[in-house]
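In what follows, a structure is listed as C-alpha cells, so that the remarks can point back to it.
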Amino acid sequence: RDCQPGDASWPPAPRAAALCGLYHEAVQQLSFLRGQLASRDALVARLRASLAAYESSGSEVGPGPAPSLVDGLVEQVAHLKEQLQEQESSARAREEGLGQQLEEKERELQRLLMEPQHEREREILLLQRSLAEKEKAQATSEVLCRSLTDETHQLRRTLAATAEMCQHLVKCLDEKQRSGGPRSSDSREHQCDVSVHAIICKLQEENRLLKQKVVHVLVYKDDFTSERADRERAQSKIQELKEKVATLQHQISRRQESRETTGHCRIHTGHKNHTQRLETDVAEVLLRAESASTRRPVLQPEQPEIQADRRIPGPDLRGQGQGDLHCPHCMRFFHDEEGEEFLRHVSECCQ
1 RDCQPGDASW PPAPRAAALC GLYHEAVQQL SFLRGQLASR DALVARLRAS LAAYESSGSE
61 VGPGPAPSLV DGLVEQVAHL KEQLQEQESS ARAREEGLGQ QLEEKERELQ RLLMEPQHER
121 EREILLLQRS LAEKEKAQAT SEVLCRSLTD ETHQLRRTLA ATAEMCQHLV KCLDEKQRSG
181 GPRSSDSREH QCDVSVHAII CKLQEENRLL KQKVVHVLVY KDDFTSERAD RERAQSKIQE
241 LKEKVATLQH QISRRQESRE TTGHCRIHTG HKNHTQRLET DVAEVLLRAE SASTRRPVLQ
301 PEQPEIQADR RIPGPDLRGQ GQGDLHCPHC MRFFHDEEGE EFLRHVSECC Q
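One point on numbering: in UniProt numbering, the residue at position 71 of the sequence shown is 71, and numbering is uninterrupted.
Take a look at the structure:
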C-alpha cells in the first residue's frame, strides 16, 4: 500500500507474470529439444563414420552395427526433426500469442496504475481469484490425465501379457504337434482353439470393462467441469450481491444520518394533522347524528333503504339497540348518553 504507481517496486499484474513464466518455459523446452536433436545427430554421424571405416577396412574386426539399427536411428532422427519443426512453429505461434497477451496485460497494467487505489485493489483481488481457480482446474485436469495414463499403462501391460501367453500357447501347440502323431493332432488343435477362444473372450470382456471405465471417467470430468463453472458463476454473483449490499448499507446509513432531524419534524407535523383530521371527522359524525335524531320521525319509513346503503342488516341494528351514534370506521353504534365513550372509541379506531 505504501508503493506508488510510479515506483519501481510496484508489483506487476499476476496475469502478466504467469504469461512471462509460460514464455520462459516454452523457450526452455525448445532449447532442450534442440540439444536432444544435436546429440542424436552426433550419434548418427559417429555410427555412419564407424560404418564407413568398417566397410573401407574390409577385415572382420567385429560384428559392427546392424544396418537395421542405423536405418532405425535415421528414421528416428527424421521423426525428431519433424517434431522439432512442429514444436518451433507452435512455439512461434505461441510466442506471438503470448507477446500479444503480454502487450494487452501491459496496457491493462498501465490502466490499473492510472485508476484509484480501491479499484486497483479490487481488480487485483479478482485477478488473484481467477488465477487460483485456474490453478485448481489445472490440478484437477492433471489428476485426471494421470489416472488415464495409469489406465493406459495397465492396458498395455495386459496386452503384453496376453501376447506372451498367446506366443507360449503357439509354441506349446507346435511342440505337441511335433511330438505327437497325426491321430491326436485334431483333438489337440481343437483344445488349443477352445483355450485361445476363451482367453480372447476374457480379454475382450476386460477391454470392454476398461472402455466403460474410461467413459465413466470422461463423464465425471464433464460433470466436474460444469459444476465448477456453475460454482464460479454463483460465487461471482454472490460477490456482486455482497458489494451491492455493502454499497446500499453505506448509502442508507448516510441518508439516515442526514434525515434524522427532518424525520422528527415530519412525524410531529403528521401526528398533529392526523389529530386535527380526527377531531374534524368526530365533529362531522356528531353533526350527522344530531341531524339524524331531529329527522328520525320523518325518516322512519326510509330506514330499510338506509340499512341497505350501509350494508348492515336489520337484526344487527336491533342487536346494537339502534344507537344514535356510529363509528365511521367499524360501524359500531352508541347511545346519546355514551358521547365520551364514542369519542374515545373513534380516536382509537381511526388510528
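No residue lacks a Cβ here, since even glycine has one placed at the ideal position from N, Cα and C.
Say whether the region 192-211 touches the region 165-181, bearing in mind that this needs 3 or more beta-carbon pairs closer than 8 Å, one atom from each stretch. Yes, they touch.
Consult DSSP for H329 and reduce its assignment to one of helix, strand or coil. The answer is coil: DSSP assigns H329 none of H, G, I, E or B.
Does the distance from the CB of L51 to the CB of V74 come in under 8 Å? Between L51 and V74, the gap from beta carbon to beta carbon reaches 8 Å or more.
Rounded Cβ spacing between L125 and V217 (contact assumed at less than 8 Å): For a cut-off of 8 Å, the C-beta gap from L125 to V217 is around 35 Å, too long to register as a contact.
What number of angstroms, rounded off, separates the C-alpha of E142 from the C-alpha of A163? So the alpha carbons of these two residues sit roughly 31 Å apart.
Could you pull the start and end residues of the alpha helix (DSSP H) that H345 belongs to? That run of the alpha helix (DSSP H) goes G339 to C349.
In or out: V245 buried (at least 16 other Cβ within 10 Å) or exposed? When all chains shown are included, V245 counts as exposed.
Euclidean distance between Cα positions of S90 and V44: Distance between the alpha carbons of S90 and V44 is about 27 Å.
From L209 to E121, what does the alpha carbon distance come to, in whole angstroms? Rounded to the nearest angstrom, the two C-alpha atoms are 52 Å apart.
So the candidates are E86, R48 and R46; which of them puts its Cα closest to the Cα of Q29? That would be E86, whose Cα lies nearest to the Cα of Q29.
Ignore the nearest five residues each way along the sequence and tell me which others in H326's own chain have a CB closer than 6 Å to its CB. These residues qualify, in order along the chain: F333.
Whose CA, out of Q36, S179 and H250, lies closest to the CA of Q83? Here the closest residue by C-alpha is Q36.
Is L159 buried or exposed, if buried means 16 or more other CB atoms sit within 10 Å of its CB? By the 10 Å Cβ count, L159 comes out exposed.
Quick one: residues in its chain with C-beta nearer than 6 Å to the C-beta of Q349, no 5 flanking neighbours on either side, listed in chain order? First, the amino acid is wrong: residue 349 is Cys here, not Gln. Contacts found: C327, H329 and C330.
Is it right to say V346 is buried, meaning 16 or more other beta carbons lie within 10 angstroms of its own, or is it exposed? Its Cβ being crowded by 16 or more others within 10 Å, V346 is buried.
Using only CA atoms, which one of T247, A16, R178 and E119 lies nearest to R107? Taking each of T247, A16, R178 and E119 in turn and checking the Cα distance to R107, the smallest one comes out for A16.
Please look up how many angstroms separate the CB atoms of E133 and E232, rounded, as I've assumed it's under 8 Å. For a cut-off of 8 Å, the C-beta gap from E133 to E232 is around 6 Å, short enough to register as a contact.
Contact check, L22 vs L98, beta carbons under 8 Å: Cβ atoms of L22 and L98: closer than 8 Å.
Can you grab the Cα-Cα spacing for the pair K221 / Q138, in whole Å? Distance between the alpha carbons of K221 and Q138: 12 Å.
Roughly how many whole angstroms lie between the Cα atoms of E88 and L144? Their backbone Cα atoms lie some 28 Å apart in a straight line.
Considering only residues of the same chain and omitting the five flanking positions on each side of A26, which have a CB-CB separation below 8 Å? Contacts found: A91, R94, E95 and L98.
So what does DSSP say about L19, is it helix, strand or coil? Assigned with DSSP and collapsed to three states, L19 falls in helix.
What residue from R111, S39 and R48 has the CA that sits closest to K81's CA? When only C-alpha atoms are compared, the closest one is S39.
Quick check on A292: does DSSP put it in helix, strand or coil? Below a pLDDT of 50, predicted positions are generally treated as unreliable, and A292, at 45, falls in that range; the measurement from the model is reported next regardless. A292 carries a helical assignment under DSSP once its states are collapsed to helix, strand and coil.
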